[in-house]
Ligand SMILES: NC(=O)c1ccc[n+]([C@@H]2O[C@H](COP(=O)([O-])OP(=O)(O)OC[C@H]3O[C@@H](n4cnc5c(N)ncnc54)[C@H](OP(=O)(O)O)[C@@H]3O)[C@@H](O)[C@H]2O)c1
């Protein structure tokens with residue numbers, strides 16, 4: 003057992019993989035990691051979006067490459083890992099941000115849709131860990147950040163399988179972190195509150211209205227502010243950039259309430 007850690011390597015030698023990078027939090031994380039100097043491999047299903055992101059990162063002086071990725075498809079995950087390794091070498095950072103949100107009451111949700119939400123938010127993350135962990139453990143270094151959700155602790159009605167999946171993800175992360183002790187690999191959860199992204203923008207007006215009404219009835223939505231994706235990326239880069247010998251294990255990032263001029 004060594005009580006000393008090597009200094010944190012330069013980001014340019016620490017390739018980063020970001021899932022769900024075509025939009026929202028994943029995209030912001032990819033841009034922020036590239037700005038720090040990490041070579042970044044961005045994955046999602048909409049490759050045209052990824053290509054545009056790669057152009058943006060390269061124009062800003064960063065290194066990035068795009069690979070198609072469907073995290074629910076084991077063959078796609080394996081291809082993503084191979085392409086990423088071919089591009090920049092063995093990955094040292096993984097940010098898992100891919101996700102979708104289907105709203106329904108638990109018992110009203112189609113069971114296949116319920117399975118699909120568990121698949122993308124829980125099983126797919128395990129699929130990624132299964133793929134990257136052996137290499138990271140073998141090299142005795144690596145940072146994995148999974149994007150959770152505050153709903154894991156404050157269940158919002160009509161969130162279908164999302165709450166159960168995110169609660170399961172948090173539990174899996176706690177277990178995995180214990181299992182990783184002594185390996186040199188760090189795993190943390192960045193847990194957003196409401197963030198202004200594309201998630202939820204596809205709801206039909208009737209669904210959106212019933213969801214919001216129910217949330218207000220249950221005490222959510224005390225103020226209207228939401229975080230920006232870049233706020234979450236700050237948390238992710240802080241986690242990944244921690245000096246060796248310490249780790250940020252969980253980070254919840256919430257929007258700050260608007261300042262009230264008449265607060266007393
Ligand atoms: N927005 C919020 O308020 C909020 C709050 C708490 C937690 N979160 C979590 O934050 C993460 C990112 O969400 P976001 O808000 O940034 O939403 P978003 O803007 O809709 O981004 C979701 C991303 O996931 C990708 N994705 C969806 N299905 C995929 C699949 N099967 N394989 C690979 N990529 C897939 C999407 O790309 P393609 O469609 O191109 O594949 C997109 O890039 C999610 O895990 C979400 O649960 C969000």
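In my numbering, the protein residues as written are 3 to 266. Every residue, glycine too, gets a C-beta built ideally from N, C-alpha and C.
Boundaries for residue 152: no alpha helix (DSSP H) harbours it, and the DSSP string shows neither H nor E there. When rounded, the separation of the alpha-carbon atoms in residue 214 and residue 101 is 20 Å.
Counting C-beta atoms within 10 angstroms of its own C-beta, residue 110 has fewer than 16 neighbours from the protein chains shown and is therefore classed as exposed. Residue nearest to residue 239 within the set 20, 4 and 7 is 20 (criterion: CA-CA distance). Three or more Cβ pairs closer than 8 Å define a contact, and the stretch 223 to 236 meets that threshold against the stretch 194 to 202. 8 Å or more divides the Cβ of residue 77 from the Cβ of residue 122.
It is roughly 15 Å from the alpha-carbon of residue 99 to the alpha-carbon of residue 253. Around the beta-carbon of residue 5, fewer than 16 other beta-carbon atoms lie within 10 Å, marking it exposed. Residue 185 has its CB no nearer than 7 Å to any heavy atom of ligand 1. Within the model, the alpha-carbon separation for residue 113 versus residue 167 is close to 14 Å.
Each residue's CA atom was taken as its position, placing residue 80 and residue 22 some 16 Å apart. By the Cβ rule, the stretch 169 to 177 does not count as touching the stretch 208 to 225, because fewer than three pairs are nearer than 8 Å.
Using a C-beta cut-off of 8 Å, the stretch 158 to 165 makes no contact with the stretch 201 to 208, since fewer than three inter-stretch Cβ pairs fall below that distance. Straight-line spacing of the CA atoms in residue 205 and residue 55 works out to 25 Å. Residue state for residue 254 is assigned as strand, using DSSP reduced to three classes. Between the alpha carbons of residue 226 and residue 217 lies a distance of about 12 Å.
Residue 9 and residue 138 have their C-alpha atoms roughly 17 Å apart.
The DSSP-derived three-state label of residue 13 is helix. In the three-state scheme derived from DSSP, where H, G and I count as helix and E and B as strand, residue 97 is classed as strand. Taken through DSSP and simplified to helix, strand or coil, residue 43 comes out as strand. A direct Cα-Cα distance of roughly 7 Å separates residue 87 from residue 93.
Residue pairing by DSSP places residue 68 opposite 44 in a beta bridge.
Rounded to whole angstroms, the Cβ separation of residue 105 and residue 193 is 20 Å, and the two are not in contact under 8 Å. In this structure, the CA atom of residue 43 is about 21 Å from the CA atom of residue 244.
Distances taken from the Cβ of residue 266 to the heavy atoms of ligand 1 include none shorter than 7 Å. Looking at the DSSP output, residue 161 bridges to 106.
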